[in-house]
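Protein chains in written order, with UniProt numbering: chain X, 1 to 145; chain V, 1 to 145.
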DNA sequence: AATAATTGTAAGGTAAGCCTAACATTTTGT
DNA sequence: ACAAAATGTTAGGCTTACCTTACAATTATT
């Protein structure tokens, strides 16, 4: 089974749905529209697409939910987001808001491999604040596990 | 005078023109179309827009050139690209190709401030490979100059 | 110089992603 | 229960950025 790559826009919708479900029972189109600053009409349109791709269970005026693959996809995007934001905030020292905004865009386009290296670098940096240049070796060994 | 922010796409066109002019006398639409993997028709369309915005001097069947602001804009984008690529390649140890591809996308969306911090971090890391955590202080001082 | 090949442009089409306005449905308040 | 408010949907439009096809202009070849 091919791994589908969604557009940045649809990834944002999935992510928003997941986030809303973290602190609510239900997701309403209007919640998503507020989260993403788009019209309710745009939300309906996006939900139809996500439903066709089997990432959400959607029906007119019905309760919306994520499918298993929708949940999985959302978690992946969110994980990317958090890793990128963490690097910007904790390593580069950027403000929370700015780190978040940048991560929101980069999460959709960064490659798996570079993200993996970035994560490893952040981890290592946190573990060994005094010397970072053992990182290269660390990364090599980490890859060979 | 407001600083115009071009779309990612138009930034790509400007960048391509600049790059071609680095090793050619003239830029042809077909060169741009090859560099960006788009049709010649799309190039014509983009050139009309860039001409209207006064980033290129363009006229039907005439020699194309960058205006001063076009050149300035292209240099800025290219500089962003190089900084990001440098971090991915030299610090994270990614392959040249992958570093370049990722930089090509991120250059259009990263914020000035985070890029500045990334650049400083890369510089510092190169200067002090043994201890990186003086970076925070370094960055502060660097900002106050 | 005439023809062939290349390059540039115009016209018309497509898809994604957004919008507003109007209408349908559901929920809320009295 | 019923009117008012909120929410969801549809229809129609817009913009960006692509495309293909056909034609125009330029450049290269013989």
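Each residue gets a CB set at the ideal place from its N, CA and C atoms; glycine is no exception.
Look at the alpha carbon of residue 40 (chain X) and the alpha carbon of residue 29 (chain V), and state the distance between them as a whole number of angstroms.
Computed Cα separation, rounded: 41 Å.
Sheet register partners of residue 30 (chain X) (DSSP bridge)
According to DSSP, which records beta bridges pairwise, residue 30 (chain X) is partnered with nothing at all.
What residues in the UniProt domain "HTH dtxR-type" (6-67) of chain V have a beta carbon less than 8 Å from any beta carbon of chain X?
Taking 8 Å as the Cβ-Cβ cut-off against chain X, none of the residues of the UniProt domain "HTH dtxR-type" (6-67) of chain V qualify.
Cβ-Cβ distance between residue 87 (chain V) and residue 114 (chain X) below 7 Å
No. Outside cutoff.
From the beta carbon of residue 98 (chain V), is the nearest beta carbon of chain X less than 7 Å away?
Chain X contact via Cβ: present.
N-terminal and C-terminal residue of the alpha helix (DSSP H) that residue 115 (chain X) is part of:
In this chain, the alpha helix (DSSP H) harbouring residue 115 (chain X) covers 112-127.
Please state the DSSP three-state secondary structure of residue 64 (chain V).
It is coil, neither helix nor strand.
Buried versus exposed call for residue 48 (chain X) [16 or more other C-beta atoms within 10 Å across all chains shown]
Here residue 48 (chain X) is exposed: its Cβ has fewer than 16 other Cβ atoms, across all protein chains shown, within 10 Å.
I want to see whether chain X comes within less than 7 Å of residue 69 (chain V), judged by CB atoms only; does it?
Using a CB distance cut-off of 7 Å, residue 69 (chain V) does not count as an interface residue toward chain X.
Extent of the continuous alpha helix (DSSP H) to which residue 42 (chain X) belongs:
Segment 40-52, the alpha helix (DSSP H) holding residue 42 (chain X).
Grab me the residues of residue 13 (chain X)'s own chain with a C-beta within less than 6 Å of its C-beta, minus the 5 sequence neighbours each way, in chain order.
Answer for residue 13 (chain X): 46, listed in chain order.
Short Cβ contact (7 Å threshold) for residue 27 (chain X) with residue 36 (chain X)
Residue 36 (chain X) is positioned such that its CB atom lies no closer than 7 Å to that of residue 27 (chain X).
Short check: CB of residue 51 (chain V) to CB of residue 61 (chain V), under 7 Å?
It is not a contact, given that the beta carbons lie outside the stated cut-off.
Would you check if there are 3 or more beta carbon pairs closer than 8 Å linking the segment 65-85 of chain X to the segment 66-86 of chain V?
By the Cβ criterion, the segment 65-85 of chain X is not in contact with the segment 66-86 of chain V, since fewer than three pairs of Cβ atoms, one from each stretch, lie closer than 8 Å.
Between which two residues does the alpha helix (DSSP H) containing residue 18 (chain V) stretch?
From DSSP, the alpha helix (DSSP H) with residue 18 (chain V) extends over 8-22.
Kindly indicate which three-state DSSP category residue 37 (chain V) falls into: helix, strand or coil?
Looking at residue 37 (chain V) - three-state DSSP - the assignment turns out to be coil, as it is neither helix nor strand.
CB-CB under 8 Å to residue 90 (chain X), same chain, minus the five flanking residues each way: which ones, in chain order?
Spatial neighbours of residue 90 (chain X) in its own chain (CB-CB distance under 8 Å, excluding positions within 5 residues in sequence) are listed in chain order as 122, 126.
Between residue 98 (chain X) and residue 81 (chain X), how many whole angstroms is the CB-CB distance? I'm expecting something under 8 Å.
Approximately 14 Å separates the beta-carbon atoms of residue 98 (chain X) and residue 81 (chain X); this is outside 8 Å, ruling out the contact.
Residue 9 (chain V) versus residue 53 (chain X): straight-line alpha-carbon distance, rounded
One Cα belongs to residue 9 (chain V), the other to residue 53 (chain X), and the distance between them is close to 28 Å.
Quick one, which residues of the segment 79-105 of chain X are near chain V if we go by CB-CB under 9 Å, in chain order?
Hits within the stretch, in order: 88, 91, 92, 93, 94, 95, 98, 99, 101, 102, 105.
Among X:23, X:24, X:25, X:64, nearest to residue 43 (chain X) - alpha-carbon criterion:
Taking only the C-alpha atoms, the option nearest residue 43 (chain X) is X:64.
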